[in-house]
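Participant: One line per chain: the protein sequences are A and B, in this order.
Position 154 (the first sequence) corresponds to 154 in the numbering used here; numbering is contiguous.
Position 46 (the second sequence) corresponds to 46 in the numbering used here; numbering is contiguous.
Using N, Cα and C, we set each Cβ at its ideal position, and we do this for glycine too.
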Amino acid sequence: MKALEVKNLSAFYGKIQVLWDVSFEVEEGEFVTIIGANGAGKTTLLKSISGLISNKKGTVTAFGKSIEQLSAAKIVRSHIGHVPEGRQLFHLMTVLENLESGADYLPHAKREAAKTKAYVYSLFPRLKEREKQLAGTLSGGERQMLAIGRALMTKPKLLLVDEPSLGLAPALTKTVFQALKTINQEGVTIVLVEQNVLQSLKAAQRAYVLENGEVVKSAEASSLLNDPEIQAAYLAI
Amino acid sequence: MDLTLLLQGILSGILASGLYALVSVGLALAIGVIGIVNFAHGEFFMVGAFLAYQLFISFGFDPVLSLFFVAPALFILGALIYRSSIQFVLKAPELNQMLLTFGIGIILQNLALVIWGGDPRSISNVPYRSIGYQVGGVSIGLVPLASFLISIFIVAGLYFVLLKTPLGRAMRAVAQNRTGASLVGLEVNRIYLLAFALSAALAGLGGVMIAVIQSPTPVVGFAFTLKAFAIVVLAGLGNIRGILGASLLVALAESLVATLVPDGDSLRNAVFFAIIFVVLIVRSRRQA
Ligand SMILES: Nc1ncnc2c1ncn2[C@@H]1O[C@H](COP(=O)(O)OP(=O)(O)O)[C@@H](O)[C@H]1O
Ligand SMILES: [Mg+2]
Numbered sequence: 001m002k003a004l005e006v007k008n009l010s011a012f013y014g015k016i017q018v019l020w021d022v023s024f025e026v027e028e029g030e031f032v033t034i035i036g037a038n039g040a041g042k043t044t045l046l047k048s049i050s051g052l053i054s055n056k057k058g059t060v061t062a063f064g065k066s067i068e069q070l071s072a073a074k075i076v077r078s079h080i081g082h083v084p085e086g087r088q089l090f091h092l093m094t095v096l097e098n099l100e101s102g103a104d105y106l107p108h109a110k111r112e113a114a115k116t117k118a119y120v121y122s123l124f125p126r127l128k129e130r131e132k133q134l135a136g137t138l139s140g141g142e143r144q145m146l147a148i149g150r151a152l153m154t155k156p157k158l159l160l161v162d163e164p165s166l167g168l169a170p171a172l173t174k175t176v177f178q179a180l181k182t183i184n185q186e187g188v189t190i191v192l193v194e195q196n197v198l199q200s201l202k203a204a205q206r207a208y209v210l211e212n213g214e215v216v217k218s219a220e221a222s223s224l225l226n227d228p229e230i231q232a233a234y235l236a237i
Numbered sequence: 001m002d003l004t005l006l007l008q009g010i011l012s013g014i015l016a017s018g019l020y021a022l023v024s025v026g027l028a029l030a031i032g033v034i035g036i037v038n039f040a041h042g043e044f045f046m047v048g049a050f051l052a053y054q055l056f057i058s059f060g061f062d063p064v065l066s067l068f069f070v071a072p073a074l075f076i077l078g079a080l081i082y083r084s085s086i087q088f089v090l091k092a093p094e095l096n097q098m099l100l101t102f103g104i105g106i107i108l109q110n111l112a113l114v115i116w117g118g119d120p121r122s123i124s125n126v127p128y129r130s131i132g133y134q135v136g137g138v139s140i141g142l143v144p145l146a147s148f149l150i151s152i153f154i155v156a157g158l159y160f161v162l163l164k165t166p167l168g169r170a171m172r173a174v175a176q177n178r179t180g181a182s183l184v185g186l187e188v189n190r191i192y193l194l195a196f197a198l199s200a201a202l203a204g205l206g207g208v209m210i211a212v213i214q215s216p217t218p219v220v221g222f223a224f225t226l227k228a229f230a231i232v233v234l235a236g237l238g239n240i241r242g243i244l245g246a247s248l249l250v251a252l253a254e255s256l257v258a259t260l261v262p263d264g265d266s267l268r269n270a271v272f273f274a275i276i277f278v279v280l281i282v283r284s285r286r287q288a
């Protein structure tokens with residue numbers, strides 16, 4: 001089954017159109033990346049899929065179920081997690097409370113909350129050390145880990161990840177990408193949008209290139225690494 | 001200085017702070033969770049007062065009993081107003097929101113004037129209204145004491161809900177980050193509805209007490225809106241935990257000026273706003 005099928009998706013901010021007939025597919029278990037320059041529409045694309053944007057046209061099907069009409073709160077119940085741009089954490093709550101809130105409102109996630117939390121801590125031992133600390137006082141890397149952790153607590157089968165490398169030192173970026181790979185290997189389908197093209201092409205199996213709100217290319221991630229156009233535009237080789 | 005008078009002023013201030021906290025905490029909840037500045041808050045308070053009055057006149061309900069009717073009634077009124085108007089202006093400019101809530105307040109006030117007229121009404125002939133205790137020259141009325149205790153009990157209950165229950169955590173989550181809240185499965189609009197309705201219910205409960213403590217008219221609401229605003233600003237906009245302390249501070253100042261300053265009773269409202277001016281100026285200087 002396909003984890004995600006996006007067909008002719010257009011999205012708008014007011015009257016301004018930002019996505020133009022975007023279509024792409026993700027097989028269950030895949031790790032797909034969508035790369036594109038700043039302003040290409042990557043964040044808008046993920047927000048349209050997860051229901052944060054409702055002003056859109058086209059269809060979005062996840063695990064065979066049509067979700068483009070649903071609210072964000074319903075879409076997370078369809079096993080789609082979103083690690084959003086800007087992390088969107090609860091800054092006056094502790095790390096632990098942020099994690100728990102990921103599972104609290106979803107019965108299927110709540111039942112396994114203790115297990116998932118242990119898993120998140122095994123991925124990011126740093127979060128366990130900071131368990132009692134307020135999210136607002138964490139460093140950029142820790143916030144990113146927490147945002148991923150909170151999304152995992154919702155028990156997603158498909159995880160949408162928005163620029164996890166933004167503002168992180170290279171070493172931390174590596175940790176975060178490694179964690180995403182591990183999560184994928186445990187069976188979670190991943191859609192990663194990134195400006196950090198080199199890292200994401202290395203982590204993903206397949207890639208789409210988004211330019212000015214349109215998909216202009218799709219290929220195996222490894223072949224894009226050797227694509228002269230991509231190298232010139234995004235890899236600065 | 002007359003020590004007894006001073007003690008009396010302090011005691012009256014403490015007792016008044018409970019009701020102030022109860023009314024202000026509802027306003028802070030609406031501001032903190034929904035981000036809506038509700039100028040009709042005092043009118044919810046007024047409606048609570050007149051419902052209690054009507055329940056007393058029509059059915060002989062004791063005000064304490066009325067608390068259990070007024071709270072759900074105001075909860076429903078708040079929910080209806082949220083659904084029919086507030087939810088549509090959440091993304092509108094703040095000025096538009098204020099104008100809307102101000103208008104709602106005027107409508108409620110005028111409806112009350114039509115129904116109950118402009119004369120002061122009060123639940124005067126409950127037997128315990130005149131009971132008071134003398135402690136070393138200082139007098140404590142049973143009604144102010146009971147209203148203080150009930151108010152503090154309700155405010156403590158709200159704190160418990162906010163800090164210790166899933167619903168409370170959901171409200172805090174929505175208050176701190178709407179996007180994050182919807183991504184963990186919360187229907188943000190539903191939480192807003194609950195917060196607004198709860199806010200109205202809290203104001204209504206305060207109204208029941210004012211109907212016994214004073215003899216309110218349908219225009220009593222606006223003064224309480226302003227007082228609640230003053231307290232909310234003092235506590236820090238949307239800071240619910242700070243409400244108790246801020247209420248105590250302004251109630252004490254008000255009461256001390258009223259008892260110790262000659263003709264101080266007419267300065268009550270001025271004291272409130274003098275405090276607010278000082279706080280706002282000091283705060284903005286600190287930030288600058
Ligand atoms: N809230 C908004 N209102 C209007 N335009 C927006 C808004 N958010 C993003 N945009 C515009 O939409 C385009 C795509 O933005 P975005 O999806 O954030 O791109 P990316 O994530 O690829 O950097 C940009 O031109 C941006 O200016
Ligand atoms: Mg972006």
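Quick one, which of L52/A, K57/A and P84/A has its alpha-carbon nearest K74/A's?
Facilitator: L52/A
Participant: I need the boundaries of the alpha helix (DSSP H) containing H41/B, first residue and last residue.
Facilitator: H41 to F59
Participant: Nearest-angstrom Cα distance between D227/A and P164/A?
Facilitator: 24 Å
Participant: On the CB-based measure, 16 or more other CB atoms within 10 Å of its CB, does N196/A come out buried or exposed?
Facilitator: buried
Participant: Using only CA atoms, which one of G78/B, F50/B, F196/B and A79/B lies nearest to L67/B?
Facilitator: F50/B
Participant: Extract the residue ranges of the alpha helix (DSSP H) inside the region 208 to 269 of chain B, only unbroken runs of 4 or more that lie entirely within it.
Facilitator: 220 to 235 and 243 to 260
Participant: Thinking V138/B and L7/B are a contact (beta carbons under 8 Å), I'd like their distance in whole angstroms, please.
Facilitator: 5 Å
Participant: Identify every run of the beta strand (DSSP E) within the region 11 to 80 of chain A, keeping only runs that are complete inside it and at least 3 residues long; order them along the chain.
Facilitator: 16 to 27, 31 to 35 and 56 to 62
Participant: So within the region 142 to 183 of chain A, which uninterrupted alpha helix (DSSP H) runs reach at least 4 residues, ignoring any that extend past its ends?
Facilitator: none
Participant: Relative to ligand 2, is the shortest distance from any of its heavy atoms to the C-beta of K47/A smaller than 6 Å?
Facilitator: no
Participant: Would you kindly work out how many angstroms separate the C-alpha atoms of A200/B and K110/A, rounded to a whole number?
Facilitator: 32 Å
Participant: Does any C-beta atom of chain B lie closer than 7 Å to the C-beta of F124/A?
Facilitator: no
Participant: Closer than 6 Å to a non-hydrogen atom of ligand 1 - does that hold for the CB of N196/A?
Facilitator: no
Participant: Between which residues of its own chain and L193/B is the CB-CB distance below 8 Å, once the five residues before and five after are set aside?
Facilitator: A79, Y82, R83 and Q87
Participant: How many whole angstroms separate the CB atoms of A103/A and T154/A, which I take to be in contact at a CB cut-off of 8 Å?
Facilitator: 7 Å
Participant: Any Cβ of chain B within less than 7 Å of the Cβ of S101/A?
Facilitator: Cβ-Cβ to chain B under 7 Å: yes for S101/A.
Participant: Could you say if the region 38 to 53 of chain A and the region 208 to 227 of chain A meet the contact criterion of at least three C-beta pairs nearer than 8 Å?
Facilitator: The region 208 to 227 of chain A and the region 38 to 53 of chain A touch, with three or more beta-carbon pairs separated by less than 8 Å.
Participant: For the region 162 to 183 of chain B, list every residue whose C-beta sits within 9 Å of some C-beta in chain A, in sequence order.
Facilitator: P166, R169, A170, R172, A173, A175, Q176, N177, R178, T179, G180, A181, S182 and L183
Participant: Measuring only the C-alpha atoms, how far is F90/A from F229/B?
Facilitator: 26 Å
Participant: Which residues in chain B sit within 9 Å of V76/A, going by Cβ to Cβ distance?
Facilitator: S182, L183, V184 and G185
Participant: For ligand 2, is there any heavy atom lying closer than 6 Å to the beta carbon of E85/A?
Facilitator: yes
Participant: Using a Cβ-based criterion (distance less than 6 Å to any ligand heavy atom), does T173/A qualify as near ligand 2?
Facilitator: no
Participant: Give a single yes or no on whether K128/A has its beta carbon closer than 6 Å to a heavy atom of ligand 1.
Facilitator: It does not: the Cβ of K128/A is nowhere closer than 6 Å to a heavy atom of ligand 1.
Participant: Could you spell out where the beta strand (DSSP E) holding E194/A opens and where it closes?
Facilitator: T189 to E194
Participant: Where G221/B and M145/A are concerned, what is the direct C-alpha to C-alpha distance, given to the nearest angstrom?
Facilitator: 48 Å
Participant: May I ask you to check if the CB of K42/A is nearer than 6 Å to at least one heavy atom of ligand 2?
Facilitator: Correct: K42/A has its Cβ closer than 6 Å to ligand 2.
Participant: When you compare only the Cα positions, how much space is there between G180/B and L186/B?
Facilitator: 9 Å
Participant: For V216/A, does the three-state DSSP call read helix, strand or coil?
Facilitator: strand
Participant: With DSSP collapsed to three states, give me the class of E187/B.
Facilitator: coil
Participant: Using a cut-off of 7 Å between C-beta atoms, extract the partners of M1/A located in chain B.
Facilitator: By Cβ distance, chain B contributes nothing, its closest Cβ being about 23 Å from M1/A, past 7 Å.
Participant: Need the endpoints of the alpha helix (DSSP H) that L149/B sits in, please.
Facilitator: L142 to K164
Participant: Pick helix, strand or coil for Q134/B, following the three-state DSSP scheme.
Facilitator: Here DSSP, grouped into helix, strand and coil, assigns Q134/B to strand.
Participant: Classify K132/A as helix, strand or coil using the three-state DSSP reduction.
Facilitator: coil
Participant: If you run the structure through DSSP and keep just helix, strand and coil, what is H82/A?
Facilitator: strand
Participant: Considering V197/A, what are the terminal residues of the alpha helix (DSSP H) in which it resides?
Facilitator: Run containing V197/A: V197 to A203, per the alpha helix (DSSP H) assignment.
Participant: How about N212/A: is its Cβ closer than 6 Å to a heavy atom in ligand 1?
Facilitator: no
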